[in-house]
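Sequential numbering of the sequence shown, starting at 11, is according to the numbering used here.
All residues carry an ideal CB built from backbone N, CA and C; glycine is no exception.
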Amino acid sequence: MTHPPAPRGTDRFDLTGRTALVTGAARGLGRAFATGLAAAGADLVLVDLPGAEGLEETADQVRALGRRCHTYPQDLAHTEQLAGLADTVRADVGPVHILVNNAGTAALERCNEITPESWSRVMKVNVDAVFFLTQRVAEHMTADGTPGRIITVTSKNALVAEAGLAHYNASKAAAQLLTETFAIELAPHGITANTLAPGMVDTPIDGDFPLDREPFEAAWRERIPLGRYARPDDCVGALLLLASDAGAYLTGTRLVVDGGVLADQLPRMRWMPPYRNTVDDTARPHTGD
């Protein structure tokens, strides 16, 4: 069997002529993903809660990059409506080539404080919506013969637990295995399914958590080998790899974008002697980002 020649260089990341659907697009990672995909040439379909502040601003930024953009208000917790949403998008816009399951929710609650309602809300948005929206969009992709890309945003919490987030931890781990299952079943159709797992990102998702904010964030910055929270734009490169021809042979895998947190089982560096350069016995601290 012969294959067409692969694109070269940065052409592998060119998304011209493709349409991407991004959930949770009003702010934070969703906005960064939408504008990053637009900058690579994709047209956008943006989904967020009805009345979500910032959704039209994201759309304006996409259009300013010269790309077409449609917005759809939708509470993803209403999973019975998601097949209809996907059908409406297909009728209005045409085939979706890239699905980014970015929307998520969390609540900081100890295990004994989690109510059935709180548990259900987190699971509906972080797991059920991912499954049912992906299910329908994948049906469209197979019907259209689209070699699609499905990307689900999970978290480092899909791999390691964190106190106060039992429902969130469980939901992100579930989303990982759901995505791997989609990867296996959709591979014969040329559709890839992968996850992107951020670490600590400077986004609003935990802004209302009842924490002593300043010492908490200082402790995390010390814990992260790269020394800072990620900015949303720091995750865009990984997304473009998974969304483009550059990642055509990646499926059923995860890309962790966490500044090195999961590589370091104990933050031992603070107790070690200062770094000494063996070339000239000096160490110049990194001053940039």
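Quiz prompt | Neighbourhood of W129 by C-beta, 7 Å cutoff - its chain only, sequence neighbours within 5 removed | solution = By 1-based counting over the sequence shown, the position of residue 129 is 119. Correct list, in chain order: H177.
Exercise. Give the secondary structure of M11 by DSSP, where H, G and I count as helix, E and B as strand, and everything else as coil.
Key: The count along the sequence shown starts at 1 and reaches residue 11 at position 1. Legend: pLDDT at M11 = 42, less than 50; position of this residue unreliable, no value from coordinates given.
Self-check item: Whether L206 touches L252 by CB criterion (8 Å)
Solution: Within the sequence shown, the letter at position 196 stands for residue 206. Within the sequence shown, the letter at position 242 stands for residue 252. Cβ atoms of L206 and L252: closer than 8 Å.
Exercise. Kindly provide the ranges of any alpha helix (DSSP H) runs that are 4 or more residues long and lie completely inside the region 86-137, ordered along the chain.
Key: 92-103, 126-133
Quiz prompt | V211: first and last residue of the uninterrupted alpha helix (DSSP H) it sits in | solution = Here residue 211 refers to the residue found at position 201 of the sequence shown. Run containing V211: none; DSSP gives neither H nor E here.
Quiz item: In whole angstroms, what separates the C-alpha of Q71 from that of R278?
Solution: Counting from one through the sequence shown, the residue named residue 71 turns up at place 61. Counting from one through the sequence shown, the residue named residue 278 turns up at place 268. Using only the alpha carbons, I get a separation of about 42 Å.
Practice problem: Can you tell me which of the three DSSP states N287 falls into? | Solution: Sequence index remark: in the sequence shown, residue 287 carries index 277 (1-based). It is coil, neither helix nor strand.
Practice problem: With a threshold of 16 other CB atoms inside 10 Å of the CB of D244, please say whether the residue is buried or exposed. | Solution: Residue 244 sits at position 234 when you count from the first residue of the sequence shown. That one is buried.
Quiz item: Does the beta-carbon distance from L315 to D58 come in below 8 Å?
Solution: Any property of residue 315 remains undetermined from this structure, which presents the chain solely from 11 to 299.
Practice problem: Would you decide whether N112 is buried or exposed? Buried here means 16 or more other CB atoms lie within 10 Å of its CB. | Solution: Numbered from 1 along the sequence shown, position 102 holds the residue referred to as residue 112. Buried, because 16 or more other Cβ atoms sit within 10 Å of the Cβ of N112.
Quiz item: Mind checking whether T81 and L56 have CB atoms under 8 Å apart?
Solution: In the sequence shown, counting from the first residue as 1, residue 81 sits at position 71. In the sequence shown, counting from the first residue as 1, residue 56 sits at position 46. It is a contact, given that the beta carbons lie within the stated cut-off.
Quiz item: If you draw a straight line from the alpha carbon of I108 to that of D222, how long is it in whole angstroms?
Solution: Mapped onto the sequence shown, residue 108 falls at position 98. Mapped onto the sequence shown, residue 222 falls at position 212. Approximately 39 Å, taken between the alpha carbons.
Quiz item: Just the Cα atoms here: how many angstroms apart are T12 and V106?
Solution: Looking up residue 12 in the sequence shown gives position 2. Looking up residue 106 in the sequence shown gives position 96. Low confidence applies to T12: its pLDDT is 49, below 50, so where it sits in the model is not reliable enough to give any reading.
Quiz item: Which residue from E195, G76, A193, R264 puts its Cα closest to that of S165?
Solution: Locating residue 165 in the sequence shown gives position 155, where the first residue counts as 1. The candidate whose alpha carbon is nearest that of S165 is R264.
Quiz item: Going by alpha carbons, who is nearest to K134 out of R231, T144, G114?
Solution: Residue 134 sits at position 124 when you count from the first residue of the sequence shown. If we check each option's Cα against that of K134, G114 comes out closest.
Quiz prompt | Simplified DSSP assignment, three categories, for I234 | solution = What you label residue 234 is simply residue 224 of the sequence shown in a count that begins at 1. Here I234 sits in coil by DSSP.
Practice problem: Could you give the DSSP three-state label for A203: helix, strand or coil? | Solution: On the sequence shown, residue 203 is found 193 positions in, with the first residue counted as 1. If DSSP states are grouped into helix, strand and coil, A203 belongs with the strands.
Practice problem: Kindly list the residues whose CB is nearer than 7 Å to the CB of A44, restricted to its own chain and excluding five residues on each side of it in sequence; keep chain order. | Solution: Position 34 of the sequence shown, counting from 1, holds the residue named residue 44. Hits under 7 Å: V32, A35, L54, L56, T68, V72.
Quiz item: L47 lies in the alpha helix (DSSP H); which residues open and close that run?
Solution: For the purposes of this step, residue 47 is taken as residue 37 along the sequence shown, with counting starting at 1. Here the alpha helix (DSSP H) through L47 covers 38-49.
Quiz item: Using the rule of at least 16 other Cβ atoms within 10 Å of the residue's Cβ for burial, across every protein chain shown, is A116 buried or exposed?
Solution: Here the question's residue 116 lines up with position 106 in the sequence shown. Answer is buried; the Cβ neighbour count reaches 16.
Quiz item: Can you find at least 3 beta carbon pairs, one from the region 139-148 and one from the region 191-208, that sit closer than 8 Å?
Solution: yes
Practice problem: Would you give the residue range spanned by the alpha helix (DSSP H) that L189 belongs to? | Solution: Mapped onto the sequence shown, residue 189 falls at position 179. Position check: residue 189 holds Thr in this sequence, whereas Leu was assumed. T189 -> alpha helix (DSSP H) spans 176-196.
Quiz item: Is R22 helix, strand or coil when you go by DSSP?
Solution: Along the sequence shown, one-based indexing puts residue 22 at 12. If DSSP states are grouped into helix, strand and coil, R22 belongs with the helices.
Quiz item: How should R120 be labelled, buried or exposed, when 16 other C-beta atoms within 10 angstroms of its C-beta is the threshold for buried?
Solution: By one-based count along the sequence shown, residue 120 stands at place 110. It is exposed - the Cβ of R120 has fewer than 16 other Cβ atoms within 10 Å.
Quiz prompt | Nearest neighbour of V266, chosen from D21, A101, N204 [CA to CA] | solution = In the sequence shown, residue 266 corresponds to position 256, counting from 1. V266 has its Cα closest to that of N204, out of D21, A101, N204.
Self-check item: Cβ-based neighbour list, E172, same chain, cut-off 7 Å, excluding 5 preceding and 5 following
Solution: Residue mapping note: residue 172 aligns to position 162 of the sequence shown, counting from 1. Here the set comprises N179.
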